[in-house]
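Student: Everything in the sequence shown is counted per this note's numbering, starting at 10 for the first residue and increasing by one.
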Amino acid sequence: MVLLWRWARSYFPGKSKFHKGRRFGDGTWYDDEKWAFGMTPRGSLDLVIKQVASSRCRDILLPIIDEHCLSGSIFCSDGWKAYNKLCEHLQLEDVDYFPVNH
Numbered sequence: 010m011v012l013l014w015r016w017a018r019s020y021f022p023g024k025s026k027f028h029k030g031r032r033f034g035d036g037t038w039y040d041d042e043k044w045a046f047g048m049t050p051r052g053s054l055d056l057v058i059k060q061v062a063s064s065r066c067r068d069i070l071l072p073i074i075d076e077h078c079l080s081g082s083i084f085c086s087d088g089w090k091a092y093n094k095l096c097e098h099l100q101l102e103d104v105d106y107f108p109v110n111h
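Structure, rendered in structure tokens:
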């Protein structure tokens with residue numbers, strides 16, 4: 010079964026935007042605790058979210074992708090440099106990667 014995955018890196022600064030809405034972290038989180046990496050198969054309600062260090066380098070993100078994805082998957086995300094030559098760095102076989110230019 011081929012899954013089309015999409016993912017995102019998100020930052021939760023602990024401050025509300027335009028002084029409205031909820032605050033994440035209430036200002037008690039350290040900088041390394043404010044980043045999250047999430048991914049979901051397109052058309053599914055399944056979701057994987059992992060807290061990651063602020064560096065968010067290839068060495069941190071690729072093991073998460075390897076752990077939760079299957080061989081034959083298709084990946085779509087932004088063209089961030091940690092994803093360069095993604096197919097060559099994953100332990101999965103027969104995967105495709107399509108960067109999206111924002």
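Don't be surprised by glycine CBs; every beta carbon is placed ideally from N, CA and C.
1. Return the CA-CA distance between S63 and D103, expressed in angstroms with no decimal places.
2. Please determine, among N110, R67, Q60 and D87, the residue with the shortest C-alpha to C-alpha distance to E97.
3. DSSP has Y106 in a bridge; who is on the other side?
4. Given Q60, which residues of its chain have a CB within under 6 Å of its CB, disregarding the five upstream and five downstream residues?
5. On the criterion of 16 or more Cβ atoms from any shown chain inside 10 Å, does S86 qualify as buried, or is it exposed?
Tutor: Answer, in terms of the structure:
1. One alpha carbon belongs to S63, the other to D103, and they sit about 30 Å apart.
2. Among N110, R67, Q60 and D87, the Cα nearest to that of E97 belongs to R67.
3. Looking at the DSSP output, Y106 bridges to F84.
4. A45.
5. With 16 or more Cβ atoms within 10 Å of its Cβ, S86 is classed as buried.
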